[in-house]
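Read the structure below first, then the notes.
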Amino acid sequence: MEYNFREIEKKWQKRWVENKTYQVTEDETKQKYYVLNMFPYPSGAGLHVGHPLGYIASDIYARYKRLQGFNVLNPMGYDAYGLPAEQYAIQTGQHPEVTTKANINRYREQLDKIGFSFDWNREIRTCDPEYYHWTQWAFQKMFNSFYCNTCASAKPISLLTEHFAQKGTEGLDVACSEELCFTAEEWKAMGEKQQQEILMNYRIAYLGETMVNWCPQLGTVLANDEVVDGVSERGGFPVIQKKMRQWCLRVSAYAQRLLDGLDTIDWTESLKETQKNWIGRSEGAEVQFKVKDSDREFTIFTTRADTMFGVTFMVLAPESELVLQLTTDTQKADVDAYLERTKKRTERERIADRSVTGVFSGSYAINPFTGEAVPIWISDYVLAGYGTGAIMAVPAHDSRDYAFAKHFGLEIRPLVEGCDVSEESFDAKEGIVCNSPRKGVKPYCDLSLNGLTIKEAIAATKVYVKEHNLGRVKVNFRLRDAIFSRQRYWGEPFPVYYKDNMPYMIDESSLPLELPEVAKFLPTETGEPPLGHALKWAWDTANRCVVDNRKIDNITIFPLELNTMPGFAGSSAYYLRYMDPNNHTALVDKKVDEYWRNVDLYVGGTEHATGHLIYSRFWNKFLHDLGVSTVEEPFRKLVNQGMIQGRSNFVYRIKDTNTFVSLNLKDQYDTTPLHVDVNIVSNDILDTEAFKAWRPEYKTAEFVLEDGKYVCGWAVEKMSKSMFNVVNPDMIVEKYGADTLRMYEMFLGPVEQSKPWDTNGIDGVHRFIKKFWNLFYDRNDNCLVTDEPATKEELKSLHKLIKKVTGDIETFSYNTSISAFMICVNELSGLKCSKKEILNQFIIVLAPFAPHVCEELWEMLGNQGSVCDSHWPACNEEYLVESSVNYTISFNGKARFNMEFPADAASDTIQTTVLADERSAKWMEGKAVAKVIVVPKKIVNIVVK
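In terms of the UniProt record's numbering, the sequence shown opens at residue 1 and continues consecutively.
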């Protein structure tokens, strides 16, 4: 029987749906295993071959765990909100929902063709009101919660109001935007609006003034990863820094728990380190600096208070409120011009860029340790969100301070009197190292600290700061609160209405608040977000429903929030919803969550190393505080798949002609290389007729061939439409089959490494599957399988395979597994083995990689049910014990021939036998044997003289 992959794959994909093969329910009799992919945003272009890489890797593992007897949850859904669909709607007028549904249908069709074991009964879409009901619910819970530092947990805001009513802010240790101080009597005397403003300072979801990446042309705030080189990733529009009142999530309150949690999960050390750096914990002191000739003062945070004697200037972030307060009239024009320039740079660009820019404010600060006046500068290497947005500059100790001081000619004060300060003596990590008079000694400014270690000096200075009321000891984090507002249409609506300009939550029983229809998807003429176009977007508090805007009376009917939530809102807790997707009364049932607990294996790209993974971990910890999520860390093990790069092809056009020269002849002409569609190239040979039909300008193309063929050039580049190197998986499936695509993507290289796509090697994988098929059928479609018992050699080959593949799957070394499959098939073919005892177990081991062909052959062998429900075979080490060993026989270190010996043969027996062999006489040539070295189970070396 011929291996007809098209019929086989359609048959089994249909059978899996009919039999609900991949649907899973909670089963207390089985141990659970939860496999999750970072779900895709469905773009209009559909999948290219790079997209399924992670899905295939996780699908193999999910199938493997199922065969081991686990109850495996392997769901899939769509991150359906996003800027691309909205931009397409603006350009075409087509509603984003229409575009998104069409894109999802396209993705689903492509995914189904590849044969994934997804439980589609659990599919979620973030744009579905049934789903974002629970995103809105979680937001309301955050709004009605504060973070208690003492108990390290979120608590209901009602407990905070009770505390205010009884004690004011006395004894309060909670996360807040600004430290406030008032009495219980003052709290009670406040009106409702003032109390709401006070509570906003403590809520986990709060409205706050913050710097954002504002794109005027798109009319929305952009996340850092949506901005590249100062322009929007989508459309390439200019982006500026702008202060706006936005919804924020107090992620910073969870910074220490986010840091501690990294010690409890199985992630790579590099990824953990990335998160640690993003969280950025530092211990130091907040110190007050007074402004010269003024009653103003400001606070700086420093991890090295012991270097305060070396301060020679101060620096403010451009966004700091102090800039306007401290800029003198004479410096105003220069400062305004500088601020205008810095608006165009994102924080990420400022962190990465080491160039020096700045402007003098005109004011001076008084160093509280020395009483000296030091100039206050403004520079974008200081960020408003880290510390206090103001720093003390110690150029003798900090590399950026040093570069700034050198650039502007500011003083660089030696930390010990008599030290020489020069570029040669500056070390980026250690600061200035004294080269006189105490060479090699780490200096300190205050002679009373000399002789102390750095750690001792820091501790002593903290005590000094505290005792002299100069500030306080504090732990600081680089982690910022998440900006949670977007001025877009296509996103989750906030369940918020406004009374007296203060936000209130709509009743929880009225969720979800669904996205309204709008006439335009652009901002309004007055600059409001697109929801400002909605005619029916007001909240009737009496009837708990959305009503016409004209009914707003600010008594019982109020305006609704016009911003929508960002993309990460829907992707922060989707793994929990997969557990219980059809629950209409809760995000996830408590018993269901206790069964699945958390994700055992999470597979996704490194681009989510900070944003998504930080936000998801924060979101889960908050839900854990509420008792919704059983486990505090959502993702136990994380694997980052690499990227499949494109293999581009080139044709070479003779200048000023429509003639194209083959690769190895191009140097004989004056040519220009042009990208060509890789889908009309096979093994670097161009289909010239397809090329002519590809684009109108090539219709009359002529070719200079070599050996009757046109050979294309090639290069490894990013897979991109502009380079015509995007390979559609549908084409591969149509030509070779889904099993070939699955195995070939894994064969390209280790899962976690990036590698180029090269269709030149796909034939080899396809031939392997056909060769495997040929173990079951001959050329005349006769079944070859017998019930004869297996030989030792056959069992050895099989169990060697089982051991190798089991180990490889556990370490995601799938590429070497496929090599092992090929070796085993070659060995079995050489042994002419078609025995059911061997092939049955081979099918099971191959099934996670090539499920369609394995289902077909499993059924052909007379097995009942799906191969998915069989049992992973155990390796029997007894079959791998070598009964004999092949020794390499060398003379004076040069290998000459091989000999077979029993595995337990003694060294003297081996030596005697080798020397007696007639082949040895040839290489000894009558010379005397000086020494014989026997390396057990490897080599025999005879030294002759």
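Glycine included, C-beta positions come from ideal geometry on N, C-alpha and C.
Bounding residues of the beta strand (DSSP E) (the contiguous stretch that carries PHE703):
Within the sequence shown, residue 703 is the residue found at index 703, counting from 1. It spans 702-704 - the beta strand (DSSP E) in which PHE703 sits, taken as one unbroken run.
Consult DSSP for SER425 and reduce its assignment to one of helix, strand or coil.
The sequence position of residue 425 within the sequence shown is 425, counting from 1. Its pLDDT being 45, under 50, SER425 is placed unreliably by the model, and nothing is read from it.
Is there contact here, the segment 842-854 with the segment 736-745, by at least three beta-carbon pairs under 8 Å?
Look at the beta carbons and you see the segment 842-854 touching the segment 736-745: at least three pairs across the two are nearer than 8 Å.
Simplified DSSP assignment, three categories, for residue 953
In this structure the chain extends from 1 to 945, so residue 953 is not present and cannot be described.
Under the three-state reduction of DSSP, which class applies to residue 946: helix, strand or coil?
This structure gives no information on residue 946, because the portion of the chain shown stretches from 1 to 945.
Simplified DSSP state of PRO789, which is helix, strand or coil
Translated into positions along the sequence shown, residue 789 becomes position 789. Correct three-state label for PRO789: coil.
Return helix, strand or coil for HIS397, following the three-state DSSP convention.
Within the sequence shown, the letter at position 397 stands for residue 397. In the three-state reduction of the DSSP assignment, HIS397 falls in the coil class.
Only counting runs of 3 or more residues, tell me where the beta strand (DSSP E) segments fall wholly within the segment 41-112, in order along the chain.
Within the segment 41-112, the complete beta strand (DSSP E) runs of at least 3 residues are 71-73.
Label ASP555 either buried or exposed according to how many other C-beta atoms from any shown protein chain fall within 10 Å of its C-beta, with 16 as the threshold for buried.
To locate residue 555, count along the sequence shown from 1; it is residue 555. Checking the sequence shown, residue 555 turns out to be Ile, not Asp. Exposed is the call here.
Segment limits, beta strand (DSSP E) that includes THR659
One-based indexing of the sequence shown puts residue 659 at position 659. 659-661 is the extent of the beta strand (DSSP E) around THR659.
Would you please state the rounded distance, in angstroms, between the beta carbons of LEU915 and VAL934? I believe it to be under 8 Å.
As a first step, residue 915 must be located in the sequence shown, where it is residue number 915. As a first step, residue 934 must be located in the sequence shown, where it is residue number 934. The beta-carbon separation of LEU915 and VAL934, rounded to 11 Å, does not stay under the 8 Å limit for a contact.
Going by the DSSP bridge assignment, what does LEU775 pair with across the sheet?
Position 775 of the sequence shown, counted from the start, is the residue given in the question as residue 775. None; LEU775 has no bridge partner.
Does DSSP put TRP539 in a helix, a strand or coil?
Translated into the one-based positions of the sequence shown, residue 539 becomes position 539. When secondary structure is reduced to three states using DSSP, TRP539 falls in the strand class.
Determine contact between the segment 218-230 and the segment 482-494, defined as no fewer than three beta-carbon pairs at a distance below 8 Å.
Between the segment 218-230 and the segment 482-494 there are three or more C-beta pairs closer than 8 Å, enough to call the two in contact.
Just mark ASP380 as buried or exposed, buried being the case when its beta carbon has 16 or more other beta carbons within 10 Å.
Residue mapping note: residue 380 aligns to position 380 of the sequence shown, counting from 1. Buried is the call here.
Going by C-alpha to C-alpha distance, which of PRO756, LEU601 and ASP600 sits closest to GLY642?
For the purposes of this step, residue 642 is taken as the residue at position 642 of the sequence shown. Among PRO756, LEU601 and ASP600, the Cα nearest to that of GLY642 is on PRO756.
Of all the alpha helix (DSSP H) runs that stay within the bounds of the segment 277-356, which reach a length of 4 or more residues?
The segment 277-356 contains these whole alpha helix (DSSP H) runs: 322-326, 332-342 and 347-352.
Expressed to the nearest angstrom, what Euclidean distance is found between the alpha-carbon atoms of GLU86 and MET392?
Translated into positions along the sequence shown, residue 86 becomes position 86. Translated into positions along the sequence shown, residue 392 becomes position 392. If you draw a straight line from the Cα of GLU86 to the Cα of MET392, it is about 45 Å long.
Mapping the DSSP letters down to three states, classify VAL24 as helix, strand or coil.
Here residue 24 is taken as the residue at index 24 of the sequence shown, counted from 1. DSSP places VAL24 in the coil class of the three-state scheme, outside both helix and strand.
Could you pull out every residue in the same chain whose Cβ sits closer than 7 Å to the Cβ of LYS272, ignoring the five residues on either side in sequence?
Reading the sequence shown from its first residue, position 272 is the one you call residue 272. In its chain, beyond the 5 residues on either side, LEU262 have a beta carbon closer than 7 Å to the beta carbon of LYS272.
Taking the alpha carbon of LEU383 as the reference point, which residue from VAL726, TYR33, ALA317 and ASN658 has its own alpha carbon closest?
Taking the first residue of the sequence shown as position 1, residue 383 is located at position 383. Closest by alpha carbon: ALA317.
Pick out the complete beta strand (DSSP E) segments inside the segment 669-728, 3 residues or longer, and give them in chain order.
Correct list: 671-676, 702-704 and 713-717.
Collapsed DSSP secondary structure at THR909 in the structure displayed:
As a working note, residue 909 is residue 909 in the sequence shown. In the three-state DSSP reduction, THR909 falls in the helix class (H, G or I).
Quick test of your reading: GLY168 and ALA184, contact by CB under 8 Å. State the CB separation rounded to the nearest angstrom.
Translated into positions along the sequence shown, residue 168 becomes position 168. Translated into positions along the sequence shown, residue 184 becomes position 184. For a cut-off of 8 Å, the C-beta gap from GLY168 to ALA184 is around 5 Å, short enough to register as a contact.
How big is the Cα-Cα spacing for ASP787 and PRO42?
In the sequence shown, residue 787 corresponds to position 787, counting from 1. In the sequence shown, residue 42 corresponds to position 42, counting from 1. Each residue's Cα considered, the two are about 49 Å apart.
Looking only at DSSP bridge pairs, what is GLY604 linked to?
If you number the sequence shown from 1, residue 604 lands on position 604. GLY604 is bridged to ASN640.
Could you check whether VAL726 and VAL465 sit closer than 8 Å to each other, using their CB atoms as the reference points?
As a first step, residue 465 is located in the sequence shown; it is residue number 465 there, counting from the start. As a first step, residue 726 is located in the sequence shown; it is residue number 726 there, counting from the start. Not closer than 8 Å, so no.
Based on the DSSP secondary-structure assignment, which residues constitute the bridge partners of CYS215?
Position 215 of the sequence shown, counted from the start, is the residue given in the question as residue 215. Paired residue(s): THR220.
Could you give the DSSP three-state label for VAL934: helix, strand or coil?
Within the sequence shown, numbered from 1, the residue matching residue 934 stands at position 934. Strand at VAL934.
Could you round the C-beta distance between GLU508 and GLY570 to whole angstroms and report it? I think they count as a contact, below 8 Å.
Translated into the one-based positions of the sequence shown, residue 508 becomes position 508. Translated into the one-based positions of the sequence shown, residue 570 becomes position 570. Contact between GLU508 and GLY570 does not hold, since their C-beta atoms are separated by about 19 Å, which reaches or exceeds 8 Å.
Mind reading off the beta-carbon distance from PHE309 to GLU297? Whole number of angstroms is fine, and I expect it under 8 Å.
The residue labelled residue 309 in the question sits at position 309 within the sequence shown. The residue labelled residue 297 in the question sits at position 297 within the sequence shown. Not a contact, Cβ separation roughly 20 Å.
Hey, PRO129 and TYR78 are a contact pair by Cβ (cut 8 Å); roughly how many whole angstroms apart?
As a position in the sequence shown, residue 129 is number 129, starting the count at 1. As a position in the sequence shown, residue 78 is number 78, starting the count at 1. About 15 Å separates the two Cβ atoms, so there is no contact after all.
Cα separation between TYR206 and SER510?
Mapped onto the sequence shown, residue 206 falls at position 206. Mapped onto the sequence shown, residue 510 falls at position 510. Between TYR206 and SER510, the alpha-carbon positions lie close to 21 Å from each other.
Inter-residue Cα distance where the pair is TRP278 and THR672
Counting from one through the sequence shown, the residue named residue 278 turns up at place 278. Counting from one through the sequence shown, the residue named residue 672 turns up at place 672. Approximately 46 Å between the Cα atoms of the pair.
Pairing CB atoms from the segment 132-141 with CB atoms from the segment 570-588, are three or more of them under 8 Å?
These segments touch.
Going by the CB atoms, is the gap between GLY865 and ASN941 shorter than 8 Å?
Along the sequence shown, one-based indexing puts residue 941 at 941. Along the sequence shown, one-based indexing puts residue 865 at 865. No.
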